[in-house]
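Per my numbering, the very first residue in the sequence shown carries number 27; after that it's consecutive.
One structure is given here, and the rest of the page talks about it.
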Amino acid sequence: MSDSERSIFSRIIAREIPATVVAETDTLIAIEDIAPQAPVHLLVIPKTEAYRDVAELAAGDPGLMAEMVALAQQLAAERADGDFRLVFNTGPAAGQTVFHVHAHVLAGVLGEGTLA
Ligand code: 5GP
Numbered sequence: 027m028s029d030s031e032r033s034i035f036s037r038i039i040a041r042e043i044p045a046t047v048v049a050e051t052d053t054l055i056a057i058e059d060i061a062p063q064a065p066v067h068l069l070v071i072p073k074t075e076a077y078r079d080v081a082e083l084a085a086g087d088p089g090l091m092a093e094m095v096a097l098a099q100q101l102a103a104e105r106a107d108g109d110f111r112l113v114f115n116t117g118p119a120a121g122q123t124v125f126h127v128h129a130h131v132l133a134g135v136l137g138e139g140t141l142a
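See below:
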């Protein structure tokens, strides 16, 4: 696969570009989002490039999706009060910009009535 075909997240996983890594397992990496939208804004990313979005992941490897939720829960407990919002932007019209499945983990004081 050429560099231009690899996702930014694959390059972060390979340590080709820097990121603040907050957790790593055999199958997942968690990093701080470069443009945080909440007091805690992490990205939980499968190391595999096999799935472009959460719909593909759920169909192809639901166990890996469950691992993502478990890691999100662990990080929200470590870094906030344990409550968290898990967001999977799915498709360009929904705001997805990186087509390597990832979960946004949002926690901390999110503000009144914020849903975005
Ligand atoms: P999406 O819009 O695809 O749901 O989410 C992509 C997320 O990746 C965005 O929140 C964006 O801020 C984040 N992001 C994009 N490039 C980088 C990067 O190079 N490093 C980090 N840490 N986050 C990034």
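Even for Gly, the Cβ is constructed at its ideal location relative to N, Cα and C.
Beta bridge counterpart(s) of residue i as assigned by DSSP
i, result
"Pro72", "Leu54"
"Val95", "In the DSSP output, where bridge partners are listed per residue, Val95 has none listed."
Cβ-based burial, residue i [other Cβ within 10 Å; buried from 16]
i, result
"Val131", "buried"
"Ile71", "buried"
"Ala92", "exposed"
"Ala85", "exposed"
"Ala45", "buried"
"Ala103", "exposed"
Contact under 7 Å by Cβ, residue i with residue j
i, j, result
"Ser36", "Val124", "no"
"Lys73", "Ile39", "yes"
"Leu97", "Leu54", "yes"
"Ala56", "Val48", "yes"
"Leu69", "Leu101", "no"
Through-space distance from residue j to residue i, alpha-carbon basis
i, j, result
"Ala61", "Phe114", "16 Å"
"Leu136", "Pro88", "28 Å"
"Arg111", "His128", "13 Å"
"Ala106", "Ala133", "6 Å"
"Glu50", "Ala119", "30 Å"
"Ala81", "His126", "12 Å"
"Gly108", "Gly121", "26 Å"
"Glu58", "Leu90", "20 Å"
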